[in-house]
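Student:
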Amino acid sequence: MANSSMAFTMVHAYERMNRVYNYTLDPCGPVYITIGDGGNIEKVEVDHADDPGKCPSEGDNIPEIGGVCHMNFSSGPAKGKFCWDRQPEWSAFRESSFGHGILEVEAMKLDLQAMKLFHFSF
1 MANSSMAFTM VHAYERMNRV YNYTLDPCGP VYITIGDGGN IEKVEVDHAD DPGKCPSEGD
61 NIPEIGGVCH MNFSSGPAKG KFCWDRQPEW SAFRESSFGH GILEVEAMKL DLQAMKLFHF
121 SF
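Going by the UniProt record's numbering, the sequence shown opens with residue 1, and the numbers climb by one from there.
#1: Only counting the same chain, and skipping five residues up and downstream in sequence, which positions put a Cβ closer than 7 angstroms to that of D47?
#2: Could you have a look at R16 and say whether DSSP puts it in helix, strand or coil?
#3: Considering just the uninterrupted stretch of the beta strand (DSSP E) at S91, what are its terminal residues?
#4: Using a Cβ-Cβ cutoff of less than 8 angstroms, which residues in the same chain neighbour Q87 once the five nearest sequence positions on both sides are dropped?
#5: Quick one: Cα of Y32 to Cα of R16, how far?
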């Protein structure tokens, strides 16, 4: 993500990510904003691929609900695998809950300030 300051990602739960650049934790990396979908046919994510026995296989690909995006990592704890064996370093916090988020961006003297609020619905 060269020359990016922000990236939007998606998960069916709540997840907060650390700054990453070139697959490495980097305090100067872009801010990742993870949004989700708490009320759909697939329901809230309660399992993570790094939980024992939860790594999807190629046979788990179900195209009618979006399929599974398999990755074959080339470095780090998941090198040569489709899944990590523990919560990745880039994942600062994750929880199997849903709600809605509000992102407020305000321009102030050529500087942007942003605040994200997440309201949990249990």
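All residues carry an ideal CB built from backbone N, CA and C; glycine is no exception.
Tutor: Walking through what the data contain:
#1: Your numbering for residue 47 matches position 47 in the sequence shown. So the qualifying residues of the chain are K54.
#2: Against the sequence shown, residue 16 aligns to sequence position 16. Strand at R16.
#3: Here residue 91 is taken as the residue at index 91 of the sequence shown, counted from 1. Where S91 is concerned, the enclosing beta strand (DSSP E) stretches over 91 to 95.
#4: Taking the first residue of the sequence shown as 1, we reach residue 87 at position 87. Excluding positions up to five away in sequence, the list reads H48, D50, R94.
#5: Translated into the one-based positions of the sequence shown, residue 32 becomes position 32. Translated into the one-based positions of the sequence shown, residue 16 becomes position 16. Linking Y32 to R16 through their CA atoms gives a straight-line distance of about 8 angstroms.
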